[in-house]
Amino acid sequence: MKPKAHMLVVDDEEDILDLVKYNLEREGYKVTCTGSGERAVEIARREAVDLIVLDLMLPGIDGLEVTRSLKGSPSTADIPIVMLSAKGEEADIVTGLELGADDYVPKPFSPRELLARVRAVRRRTDKGERDASMDEVLLLGEIEIRPGRVQVKVQGQGVELTFSEFSLLLLLARRPGWVFTRSQIVDGIRGDNYAVTDRSVDVIVAGLRKKLGACSQYVETVRGIGYRFKEV
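FYI, UniProt numbering numbers position 14 of the sequence shown as 14, with every residue one higher than the one before it.
In structure tokens, the structure reads:
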């Protein structure tokens, strides 16, 4: 029998911990909870953790410091992080994405929304969660995208993208030449219920371009409107 995936939930609000723990366990996950950033780092370094649901506003070491610490250590850098953020924390969301967090869910949230993001990030980061039967291949110049396998190659070399970066690249690449506004990008990769700023979209694009390297020019800026994938 395949072992249960281990989720670490970090929030200093007991009702949030209980809500998230209950719904993740209903999905069949093993769940560990803590209200301390320091404790979260200890658990992640000591135990096999498959994903972290992390509140940004924590006493002591906050969520951003936890993210910085985990993403800066080789032993924990690959653990996916889904941030929980309250309204008014847009700048912190952007910083979290820059530090390597995979996604975020704004508070207040419904359990259904959170579970959807957890599943999506798991599909992106865990080979056991991927549907390998989906063999669609998008070949666009020197970029190869395999949506079903969540894989990207640039000039024949594999590139590791965050969930948001991969989703944005796939959205643009499916319609080369089509200009997407930032709001359309948000709707396409996150859905209507997710608060986001223009800056956070720009941060995702900047991270994507950096990883595409010599092929970064394929993602074009349309000034005053948004972005498009270059026609090739």
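Even glycine gets a Cβ: it sits at the ideal position worked out from N, Cα and C.
query: Spatial distance of R199 from V152 (CA atoms); result: 25 Å
query: Helix, strand or coil at Q184 according to DSSP, with G and I counted as helix; result: helix
query: For Q217 and K30, the rounded distance between their alpha carbons; result: 42 Å
query: Euclidean distance between Cα positions of P80 and G177; result: 32 Å
query: Backbone CA spacing between N23 and A116 [nearest angstrom]; result: 11 Å
query: Supposed close pair V172, V232 - CB separation, criterion 8 Å; result: Position check: residue 172 holds Leu in this sequence, whereas Val was assumed. About 12 Å; that fails the 8 Å criterion.
query: CA nearest to the CA of D78, picked from Y227, R223, L161 and E14; result: L161
query: Three-state secondary structure (DSSP) of G226; result: strand
query: Inside the UniProt domain "Response regulatory" (6-122) only - beta strand (DSSP E) runs reaching at least 3 residues; result: 6-10, 30-34, 51-55, 81-85 and 103-106
query: Distance CB(L169)-CB(L139) smaller than 8 Å; result: no
query: Cβ-based neighbour list, V222, same chain, cut-off 8 Å, excluding 5 preceding and 5 following; result: V179 and R228
query: Contact under 8 Å by Cβ, L58 with V10; result: yes
query: Distance, Q184 Cα to T95 Cα; result: 22 Å
query: Assumed close pair L54, M83 - CB separation to whole angstroms, cut-off 8 Å; result: 6 Å
query: For G156, the three-state DSSP class (helix, strand or coil); result: coil
query: Cut-off 6 Å between Cβ atoms - residues of its own chain near A40, not counting five sequence neighbours on either side; result: V10, T34 and V66
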